[in-house]
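*Asks:* Plus 1083 on top of the position in the sequence shown (first one is 1) and you've got our numbering. A virtual CB, placed ideally from N, CA and C, is assigned to each residue, including glycine.
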Amino acid sequence: MPLPSPLPGNLLDLAKAKGSPVRRALVEILDVKPHPAHLPALMQLINDGWSRNGFYGGEEDYPIAQAAVSPLAKLGRLEAETAEQLYRVAIESRDSELRDKLFVLLVREGGSNLQERLFDLAVNPGRLTVRRAAASALLRGLDHVTWQVVARITPQFLETRVEAIASRLLLLLASKGELDAVVMAAATLAVNAKRRVLLLLAIRVLRDRDRPTAERIAGMLPKSHVTVAWALGSDIGEVKAQLFEDLGDPLSIEQVLDIMKPKKT
């Protein structure tokens, strides 16, 4: 007999069961039968601390909590109190994958206030892993990011924030920002010897969004540079870090390669 939706209370109470296999099975059921009445059980499971490893104080892996994000995402827009609780779980968690999933959920379903907070988290001092996760979440959820958040990406941020943050903010700006703002940011980076290589990221995005703007920014880099042709879509063969050495410092080059270089399968 098919299970009803919402699930009865005695089944939802299994979110507190001692056996992890029971809680894992419950998450799977909740994922295929999303319902607002399941929220309390899902919030219990989001805080589930069962881990595959036992490394106290280091990186953890909470598979039940991770799995609970999917049915939560199917409930639609998050209430403010729920969003706040999820934000705190993400900030405090030692599971980076859980943090990533929650931040993306907050970008998509937490409203503009949570997007603003994640932006602040990304650009202000703090743990780099958390800051990078916040910036990455804004980029991954860019279709949901408000124009007000995108408009906060200034040339100063792109010049002064750590490379892992600046690169992701530039991608977000190039993907969704006003073209004049993108060009202005590019012009600032173009005269920064350490970071002008990041312009390749903007070129790669803009070649599909607005080709003339992509070519305008390409003109800010050395003429006929092979990496510019690569960013514009040409096949240049094997892509090596040495090709970028005259465009920026190693940290900035590393970001470009990490984001743009095809991954081996």
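1) Measuring only between beta-carbons, confirm whether P1119 sits less than 9 Å from chain B.
2) Report the residue from L1284, I1174, A1150 whose alpha carbon sits nearest the alpha carbon of A1312.
3) Just to confirm before moving on: does the CB-CB distance between L1155 and L1125 stay below 9 Å?
4) Taking its Cβ as the centre, do 16 or more other Cβ atoms sit within 10 Å of L1282, making it buried, or is it exposed?
5) Report the option in K1306, F1186, L1262 whose CA atom is closest to the CA atom of D1349.
6) Assuming L1225 and L1255 are in contact, meaning their beta carbons sit under 8 Å apart, how far apart are those beta carbons, in whole angstroms?
7) Just the C-alpha distance for A1100 and A1173, rounded to the nearest angstrom, thanks.
8) Okay, do the stretch 1204–1214 and the stretch 1156–1167 touch, 3+ Cβ pairs below 8 Å being the bar?
9) In whole angstroms, what separates the C-alpha of P1087 from that of A1098?
10) Measuring CB to CB, does L1169 end up less than 9 Å from L1185?
11) Do you know offhand how far V1309's Cα is from S1317's?
12) Does the Cβ of L1181 have 16 or more other Cβ atoms within 10 Å, making it buried, or fewer, making it exposed?
13) Between K1145 and the rest of its own chain, which residues show a CB-CB distance below 7 Å, the 5 nearest in sequence each way excluded?
14) What three-state label does DSSP hand W1133 in the structure shown?
15) Would you kindly report the start and end of the unbroken alpha helix (DSSP H) that includes R1191?
16) Excluding five sequence neighbours on each side, which residues of the same chain lie with their C-beta closer than 7 Å to the C-beta of M1084?
17) Taking the alpha helix (DSSP H) that P1104 falls in, what are its first and last residues?
18) What residue does the alpha helix (DSSP H) around M1303 start on, and which one ends it?
19) When we look at the beta-carbon of T1229 and count the other beta-carbons within 10 Å, is it buried (16 or more) or exposed?
20) Classify L1241 as buried or exposed, calling it buried when 16 or more other Cβ atoms lie within 10 Å of its own Cβ.
21) Can you give the Cα-Cα distance for A1269 and E1199, rounded to whole angstroms?
22) With burial defined as no fewer than 16 other Cβ atoms inside 10 Å of the residue's Cβ, what is the status of E1143: buried or exposed?
*Replies:* In short, the structure shows the following:
1) Of the chains in the structure shown, none is chain B; there is only one protein chain.
2) For the purposes of this step, residue 1312 is taken as the residue at position 229 of the sequence shown. That would be L1284, whose Cα lies nearest to the Cα of A1312.
3) For the purposes of this step, residue 1155 is identified with residue 72 of the sequence shown, where counting begins at 1. For the purposes of this step, residue 1125 is identified with residue 42 of the sequence shown, where counting begins at 1. Going by C-beta atoms, L1155 is nearer than 9 Å to L1125.
4) One-based indexing of the sequence shown puts residue 1282 at position 199. When all chains shown are included, L1282 counts as buried.
5) Since the displayed the chain opens at 1084 and closes at 1348, residue 1349 lies outside it and no answer follows.
6) What you label residue 1225 is simply residue 142 of the sequence shown in a count that begins at 1. What you label residue 1255 is simply residue 172 of the sequence shown in a count that begins at 1. Yes, they are in contact, since the Cβ atoms of L1225 and L1255 sit about 6 Å apart, within 8 Å.
7) As a position in the sequence shown, residue 1100 is number 17, starting the count at 1. As a position in the sequence shown, residue 1173 is number 90, starting the count at 1. For the pair A1100 and A1173, the Cα-to-Cα distance works out to about 23 Å.
8) Touching, no.
9) Locating residue 1087 in the sequence shown gives position 4, counting from the first residue. Locating residue 1098 in the sequence shown gives position 15, counting from the first residue. Roughly 17 Å separates the two Cα atoms.
10) Your numbering for residue 1169 matches position 86 in the sequence shown. Your numbering for residue 1185 matches position 102 in the sequence shown. Going by C-beta atoms, L1169 is nearer than 9 Å to L1185.
11) Counting from 1 along the sequence shown, the entry for residue 1309 is found at position 226. Counting from 1 along the sequence shown, the entry for residue 1317 is found at position 234. In a straight line, the C-alpha of V1309 is about 9 Å away from that of S1317.
12) The residue labelled residue 1181 in the question sits at position 98 within the sequence shown. Taking every protein chain shown into account, the CB of L1181 has 16 or more other CB atoms within 10 angstroms, so this residue is buried.
13) Here residue 1145 refers to the residue found at position 62 of the sequence shown. Note on residue identity: the sequence assigns Tyr, not Lys, to residue 1145. Taken in chain order, the residues that qualify are D1131, G1132, W1133, S1134, D1178, L1181.
14) Translated into the one-based positions of the sequence shown, residue 1133 becomes position 50. Of the three classes helix, strand and coil, the one that applies to W1133 here is coil, per DSSP.
15) Along the sequence shown, one-based indexing puts residue 1191 at 108. From DSSP, the alpha helix (DSSP H) with R1191 extends over 1179–1192.
16) The count along the sequence shown starts at 1 and reaches residue 1084 at position 1. Bear in mind that a pLDDT of 48 at M1084, under 50, signals an unreliable position, so the model cannot answer this.
17) Numbered from 1 along the sequence shown, position 21 holds the residue referred to as residue 1104. Here the alpha helix (DSSP H) through P1104 covers 1103–1115.
18) Along the sequence shown, read from residue 1 onward, the residue named residue 1303 stands at position 220. In this chain, M1303 is not harboured by any alpha helix (DSSP H), its DSSP state being neither H nor E.
19) Here the question's residue 1229 lines up with position 146 in the sequence shown. Per the 10 Å Cβ criterion, exposed.
20) Within the sequence shown, the letter at position 158 stands for residue 1241. Classification of L1241: buried, given that the 10 Å Cβ count is 16 or more.
21) Along the sequence shown, one-based indexing puts residue 1269 at 186. Along the sequence shown, one-based indexing puts residue 1199 at 116. Cα to Cα, A1269 sits roughly 23 Å from E1199.
22) Taking the first residue of the sequence shown as position 1, residue 1143 is located at position 60. Its Cβ being crowded by 16 or more others within 10 Å, E1143 is buried.
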